[in-house]
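**Q**
Residue numbers (UniProt numbering): 1 to 137.
1. Just the C-alpha distance for residue 18 and residue 81, rounded to the nearest angstrom, thanks.
2. Helix, strand or coil: which one does DSSP assign to residue 23?
3. In chain order, what residues of the same chain lie with their CB nearer than 6 Å to the CB of residue 48, ignoring the 5 residues before and after it?
4. Would you mind stating whether residue 123 and residue 105 have Cβ atoms separated by less than 9 Å?
5. Could you check the C-alpha separation between residue 83 and residue 11 for me, to the nearest Å?
6. Who does residue 119 pair with in a DSSP beta bridge?
7. Quick one: what does DSSP say residue 125 is sitting in, helix, strand or coil?
8. In this structure, does DSSP put residue 91 in helix, strand or coil?
9. Just grab the DSSP bridge partners of residue 59 for me.
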């Protein structure tokens, strides 16, 4: 019913997270997960925005009180479930989460990723989005 048409879509450029507390969100993604905060001005001008960068990926941040336009129909915190692939071993992630008093909700557990089997841990970010950290196996 639904078949991939080669060349139409190649990768995800960015996603948007709606945050209730920008400082807590930035701290989690930068201090715990190791992302880099980047401020940018949209090409069409306007106010400076914030994003989280890692590898060739980007997460744009919107504040729940004033999301940038255009935005999702119902931009709410806590509605995202995302899986990040990591080269850091899962046992090291367990230590990182323990050191930061972040409860591991599930795992390590084997799952099926986009390209094959992965070993995953599940935690929640400050807005209760479900964050999956995975190693390819």
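We put the beta carbon where it would ideally sit given N, CA and C, even for glycine.
**A** Well, looking at it:
1. 13 Å
2. Residue state for residue 23 is assigned as helix, using DSSP reduced to three classes.
3. Excluding sequence neighbours, residue 48 sits near 39 and 41.
4. Against a cut-off of 9 Å, the Cβ pair of residue 105 and residue 123 comes out as a contact.
5. 15 Å
6. Paired residue(s): 110 and 135.
7. coil
8. helix
9. 15 and 52
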